[in-house]
Structure formats: C-alpha cells, structure tokens
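Numbering of the sequence shown is given in the working numbering, commencing with residue 60 and proceeding in unit increments.
We put the CB at the ideal spot given by N, CA and C, even for glycine.
Just so it is clear, the structure is predicted and the values come from calculations on it, not from any experiment.
Step one of this worksheet: look at the structure below.
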Amino acid sequence: MRRRDSKLTISNALIFYLFMGIVLPVCLFGMCFTLVMNHTLRKNAHEAAEQAVETSAVQVDNLISGISYTASYIIGSSDVLEKVQTIEADPTSADAMWAREYLIKCVRSLGNIALYAYNPDVSIITTNGIVVGVDYIHYLDQEDVDELFALPVFDDSFSVWHEPQSDAVTADLVSYWTIRTRGEIAALLRISIPEHALWDNLANHALLQHHLELRYQGNTICVKEFDNSAEYADPMDYSTFLRNWNMTFVATMPTAIVESDLVRQVLLFLLFFLLLLALLFIIIIRVARRISHPIEQIDSQMCRLQKGDTSLSPVLDSYQEIHSLSENLNELALRIDGLVEKAAQEAKQKEQIYYETLMAQINPHFLYNTLNGIKWMAVINGNSAVADMLIKLGNNLRYSFDHKSTYITVEKELAFLKDYFALLQMRFGSGIIFLTDIPQELLYEPIPRFCIQPFIENAMSHGFEGMSEGEIILSAAQENDTLVFRVQDNGAGMEPEKAQALLQGQGESATSTGLGVWNVQQRIQLLYGPRFGLEIQSRPGQGCTVTIRLPMQNGLM
C-alpha cells in the first residue's frame with residue numbers, strides 16, 4: 060500500500076532547495092565579490108594616487124634638471140666669472156656697465172630656455188652687493204652682503220636648496236649656487252621658482268590639490284598647503300624619491316578623498332545585488348509552481364499504473380523534460396504489457412521444449428551396455444577397427460550425456476574432438492586430417508562444452524564437400540585476458556554474407572545436425588557478455604577461419 064506520511068509539498072520543497080542551491084550561493088558569492096571589489100577598488104584608488112604622484116615627480120625631476128643645467132652653465136662659464144670680477148673691481152666703470160648687460164642677457168636667455176614654463180627669478184649676487192636679475196639691477200647693503208657670504212652653509216656646499224637667511228619654509232623653490240675662483244666665492248647665483256608657477260604645474264591632478272612638499276636630504280625645502288583650513292582625517296602620504304638629486308616629492312591627501320568613488324560604487328553594487336535577489340526569488344516561486352503541478356499529475360498516473368491501469372495520457376502543459384518523462388511513463392506502461400505477454404509466451408515455449416526433451420531422452424546405460432556388447436562381438440570376430448570405432452562412439456555418447464557441468468577443460472574437450480573426428484573420418488573418408496596446436500598451459504582452462512565441435516562438423520560436412528583431401532587445424536592462444544581458439548580449414552569456403560548469416564542464425568535449418576553456429580554464439584554471449592563470441596572469415600575457394608573468444612579463467616571452473 061502506498062504511504063503518504065510526508066506533509067511537505069513538492070512546491071515548498073522546490074522553493075527550499077532552489078533557495079539553498081541558488082539564492083544562498085548567490086548571497087555568498089555577493090559577499091565575497093563585495094569584499095574583493097572593495098579591496099580592488101581601494102587598491103586601484105591608491106594606485107591612481109601613486110600614479111599621480113609619480114607623474115608630478117617626473118615634472119619635479121625635469122624642473123631640478125633645468126635648474127641644475129642653468130646653474131651649471133652660469134657658474135662654470137669663464138665669461139660670467141670675468142664679468143663678475145669686472146663689476147666687483149669698479150662697479151661704476153663703463154666695463155662694469157657692459158658686464159652687467161652681459162650678465163642680464165645670459166641670465167634671461169638661460170632662464171627662458173631651461174625654465175620657461177616656471178617663470179623663474181634668476182639673479183647673480185656679487186660680493187660688493189650688486190644684484191643682477193633678469194630685468195633688474197639693485198644693490199644690497201654691504202652688511203647684508205657680508206652676512207650672506209659669511210654663512211657657513213656656503214663653506215663646503217656647491218649648492219643650497221633653501222633660503223639660508225630664513226628658517227621659515229616657503230612655497231617658493233629657492234636654490235643658491237656658488238661661483239668660485241681659486242676656491243673662493245666670487246658671487247652667488249640665486250634661482251627662485253615662484254609659488255604660483257611651481258605648484259600650478261605640479262598639482263595637475265585633483266588628488267594632488269591638498270598638501271605637497273619637496274624634501275632635500277630629509278629636510279623640507281618648500282611646501283604648499285592648498286587649503287590651510289582643512290583638517291585631514293586619516294591622512295595618507297605618497298612619496299617618490301628622486302635618486303639623481305637626493306630629493307623626495309611628498310603628497311599628503313585625506314583617505315576619504317582618495318577613496319571617494321569607492322563607497323558610491325559599493326552602494327550601487329549592493330542595490331543591484333538586492334534587486335537580483337528579489338528577481339531570483341520571484342523566478343524560483345514561479346518555476347516551483349510550474350513544475351509541481353505536472354509532477355503531481357505524473358504521480359497520479361503512476362498510482363493508476365500501480366493498480367494495473369496502463370491507459371495513460373502524456374502531460375502536455377509543462378516543460379519539455381517533464382513532458383518527456385510523462386511520455387516515457389506511457390511507453391513504459393506499453394512495454395510492461397508487451398513484456399508480460401512475452402514472458403507468458405516464453406514460459407509456454409520452455410514447457411514445450413522440456414516436454415520434447417523428456418520424450419527424446421534414451422536411457423544412457425542401455426546405450427552403453429548395447430555398444431559394449433557389440434564391441435566384444437567385433438573383438439571376438441577379429442574386427443578391431445569396428446571395436447575401436449565403437450569405443451570412440453561410446454566415449455562421445457558418454458561425453459554428450461554428461462549434464463553435471465556446463466564447463467569442461469580444454470584437455471577433455473580436445474579428447475572428445477579427436478574421438479568425434481575419428482567417427483567423422485569413418486563417414487567422410489580419411490583423406491581429411493585434423494591437427495591441433497594448443498600450448499600445454501592452456502589445457503586446464505575451463506571452456507563451455509560443445510563450443511568447438513559444431514565447426515569441426517561444419518568443416519567436414521560443408522567445407523570439404525566433393526573434396527577427398529584437406530586439413531583442419533585447431534589452435535589456441537592467450538591474448539591478454541582472452542582465450543582465443545581458431546578453427547581453420549582449407550576447404551571450399553563461403554561468401555562473407557553467408558558467414559554473417561550463420562552468426563545471426565539464418566543459415567541453418569531446424570533439422571541441422573550439431574548445436575549450430577548461432578547456438579554457440581548465443582551461449583557464449585549469455586555466459587560472458589557481448590565482448591566475447593564468434594568471428595567467421597571466409598571467401599569462396601580460400602577456406603574458412605572461425606575465431607572463438609572466451610575469457611581466461613586461470614584454471615578456475
């Protein structure tokens with residue numbers, strides 16, 4: 060009787076399992092993806108900041124190179140030194156006036172060539188207080204000049220990257236370069252990059268418009284605060300070291316600014332993810348309801364089939380798979396009807412065969428005793444050939460009536476075949492010979508009884524029909540896990556189509572002697588499966604070769 064103890068409907072079960080199998084993994088994936096995306100976006104944001112700093116650092120490097128080029132040309136020029144010495148010797152002379160004009164042109168041309176984009180202030184300060192600039196000349200108090208030239212920072216330094224007379228760090232980039240003669244300072248070269256020109260060129264990215272500074276040998280030489288009132292929460296420093304100049308370019312920016320796009324992108328993803336979950340839930344409910352109803356119909360049909368009602372109809376309004384399942388159920392009902400009818404017919408046939416077998420049985424002891432009596436009569440009368448044939452016939456009958464086992468060793472089957480062939484020679488003549496080539500180690504392998512005899516008989520009856528001479532060769536070999544017998548004859552052969560017909564049971568009549576080719580094929584495949592069986596190779600006038608493939612049993616019966 061069919062039990063219906065479960066109260067869980069298929070619709071609820073589908074919703075639950077689809078939720079566990081789809082929605083839950085999607086949620087877990089969404090969480091993992093959010094974490095990965097958050098990490099990736101944060102990493103990309105910081106990489107963008109680092110890239111912006113790297114780009115500006117290249118500009119700083121070019122700027123320092125321009126300053127160094129300008130300074131190196133001026134302080135290394137003998138003409139510049141000569142003009143400085145002329146001005147110091149007599150500032151009021153005509154030569155000094157021409158020297159000042161030369162220095163002005165030199166400073167202006169070099170500044171325009173190397174530092175044009177930064178509008179530099181380049182000037183030369185002589186020891187007597189004359190300051191020669193790009194477009195000006197003015198004089199300093201001698202006390203200020205003496206104090207400037209006496210600063211210890213100029214004693215051993217070739218260049219100074221700050222304002223030596225002030226401790227305050229400005230937004231301008233100022234450098235001093237010493238012009239020397241015979242180891243003594245003859246003048247100072249001052250190069251100043253103004254604040255607006257310097258930082259407007261460097262702060263070319265939105266992330267860099269907060270706090271920038273340039274450090275030389277660990278000390279800040281210029282700094283720029285874009286918004287002095289800003290209080291940076293969790294500030295982050297990004298720096299790039301300019302190896303050629305022993306300088307470091309540093310940009311400080313708030314974490315919130317660097318990661319400003321991160322929160323917005325994560326929120327958009329979460330919103331999209333929630334909408335996706337809602338859509339999935341709606342789809343799951345609809346699919347569950349659409350699947351459950353046809354399955355309930357199939358369940359009802361199976362109950363009818365269980366009660367013996369095979370008049371089923373397919374479920375049409377459903378998915379293709381469920382419709383196919385319904386059709387298969389209907390086909391199964393039809394096949395059940397066919398199998399029941401076939402089973403009844405087979406049972407009837409088995410009863411008929413059993414009855415015919417009983418009717419055909421002859422008491423084997425009666426035959427043995429009769430043949431034994433005839434044999435002794437032949438011996439008494441001196442006919443040893445007849446006695447020998449009777450012995451072989453008795454052995455064949457004894458072998459045939461032995462129903463205790465389906466299997467027999469190769470050795471015993473071979474002995475039976477030799478006696479059987481001797482009887483055939485008495486019928487067909489002795490011009491046909493029987494040869495065997497079987498390795499000693501295969502003699503104890505078990506094989507089905509009578510699996511070779513039909514082919515010896517067919518060769519004698521049909522292969523050598525009308526021929527007085529010929530030979531039949533029985534060989535055996537082991538090929539991996541397969542025991543292979545080959546029965547070869549040099550008889551008349553047959554068409555390949557006829558050989559295939561024999562394997563399909565179409566070449567023998569019901570009254571054919573022996574078990575028949577098809578019978579042997581069926582027995583082998585019933586015992587061992589379709590991998591094993593027979594193969595016939597033959598052509599007219601080229602003889603026939605029958606290959607019998609059996610599994611190796613390693614002597615186990």
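Residues of its chain near residue i, where Cβ-Cβ distance is below 6 Å and the 5 sequence neighbours each way are ignored
i: Lys594; result: First, the residue type needs correcting, since residue 594 is Glu and not Lys in the sequence shown. Answer for Glu594: Thr606, listed in chain order.
i: Val119; result: Phe308
i: Ile223; result: According to the sequence displayed, residue 223 carries Pro and not Ile. Excluding residues within five positions, the ones whose Cβ falls inside 6 Å are Leu210 and Val212.
i: Ser597; result: Gly552, Met553, Ala558 and Cys603
i: Leu162; result: Lys142, Ile183 and Val191
i: Thr37; result: What the structure shows of the chain is the stretch from 60 to 616, and residue 37 is not part of that stretch, so it cannot be assessed.
i: Ile583; result: Phe591 and Gly592
i: Val112; result: Tyr297, Thr299 and Ala310
i: Tyr414; result: Summary for Tyr414: the model assigns pLDDT 48, below 50, so the residue's position carries little reliability; its value from the coordinates is reported in the next sentence. So the list is empty, once near-sequence residues are dropped.
i: Thr93; result: none
i: Asp180; result: Ser251
i: Trp304; result: Ile123
i: Ile381; result: Pro353
CB of residue i within 7 Å of CB of residue j, strictly
i: Trp220; j: Tyr275; result: yes
i: Asn187; j: Glu147; result: yes
i: Ile252; j: Tyr177; result: yes
i: His270; j: Glu284; result: yes
i: Lys451; j: Leu483; result: no
i: Ile74; j: Ile343; result: yes
i: Leu501; j: Val469; result: yes
i: Met519; j: Met485; result: no
i: Phe493; j: Ile439; result: no
i: Ile123; j: Pro150; result: no
i: Pro301; j: Thr240; result: Per the sequence presented here, residue 301 reads as Leu, with Pro not at that position. Cβ atoms of Leu301 and Thr240: not closer than 7 Å.
i: Leu232; j: Leu261; result: no
Neighbour-count burial assignment, residue i, 16 or more Cβ in a 10 Å radius
i: Trp157; result: exposed
i: Tyr76; result: exposed
i: Val576; result: buried
i: Tyr198; result: exposed
i: Asn549; result: buried
i: Ala153; result: exposed
i: Ser568; result: For Ser568, the predicted model reports a pLDDT of 49, less than 50, meaning its position is unreliable and no value from the coordinates is stated.
i: Arg62; result: For Arg62, the predicted model reports a pLDDT of 47, less than 50, meaning its position is unreliable; a value from the coordinates is still stated below. Exposed is the call here.
i: Pro507; result: buried
i: Ile406; result: Strictly speaking, residue 406 in this sequence is Ala, with Ile absent from that position. Exposed: under 16 other Cβ atoms inside 10 Å.
i: Pro589; result: exposed
i: Glu272; result: buried
i: Pro599; result: exposed
i: Met79; result: exposed
i: Gly564; result: exposed
i: Phe217; result: exposed
i: Gly125; result: buried
i: Ile5; result: No information on residue 5 is available, as it lies outside the stretch 60 to 616 that the chain covers here.
i: Gly522; result: buried
i: Thr465; result: exposed
i: Gln601; result: exposed
i: Thr27; result: Outside the modelled stretch of the chain, which goes from 60 to 616, sits residue 27, for which no answer is possible.
i: Cys362; result: exposed
i: Ala403; result: exposed
CB contact below 7 Å: residue i versus chain D
i: Lys471; result: In summary, chain D is missing from the structure at hand, where a single protein chain is found.
Cβ-Cβ separation, residue j to residue i (assumed contact under 8 Å), whole Å
i: Leu542; j: Met611; result: 5 Å
i: Pro513; j: Val579; result: 6 Å
i: Ile250; j: Ala130; result: 6 Å
i: Gly89; j: Phe332; result: 5 Å
i: Ile497; j: Leu473; result: 7 Å
i: Ile511; j: Phe544; result: 6 Å
i: Arg167; j: Val193; result: 5 Å
i: Leu364; j: Ala337; result: Leu364 to Ala337, Cβ: 41 Å. No contact.
i: Val282; j: Ala230; result: 7 Å
i: Leu384; j: Ile350; result: Actually they do not touch by this definition, with Cβ atoms about 11 Å apart.
Close Cβ partners of residue i (< 7 Å) along its chain, the five nearest in sequence each way excluded
i: Ala419; result: Any reading at Ala419 needs caution, since the residue's pLDDT is 46, under 50, leaving its predicted position unreliable; the model's value is listed next. None.
i: Leu83; result: none
i: Leu562; result: Val576, Trp577, Gln580, Leu593 and Ile595
i: Gly573; result: In this predicted model, Gly573 has a pLDDT of only 37, less than 50, meaning its place in the structure is not dependable enough to derive any value.
i: Ser527; result: Gly488 and Gly490
Same chain, Cβ closer than 8 Å to residue i, neighbours up to 5 away in sequence not counted
i: Leu247; result: Ile183, Ile184, Leu207, Phe208, Phe213, Tyr235, Trp236, Thr237 and Ile238
i: Leu327; result: none
Residue ranges of each alpha helix (DSSP H) run of no fewer than 4 residues wholly in the segment 231-273, ordered along the chain? 254-261
With a floor of 3 residues, list each beta strand (DSSP E) that falls wholly inside the segment 469-507, ordered by position along the chain. 491-496 and 505-507
Please give the ranges of any alpha helix (DSSP H) in the segment 75-126, keeping only runs that are unbroken, at least 4 residues long and fully inside the region. none
Please specify which runs of the beta strand (DSSP E), each continuous and at least 3 residues long, are wholly inside the segment 572-601, giving them in chain order. 592-597
Could you give the uninterrupted runs of the alpha helix (DSSP H) lying entirely in the segment 523-547, keeping only those of 4 residues or more? none
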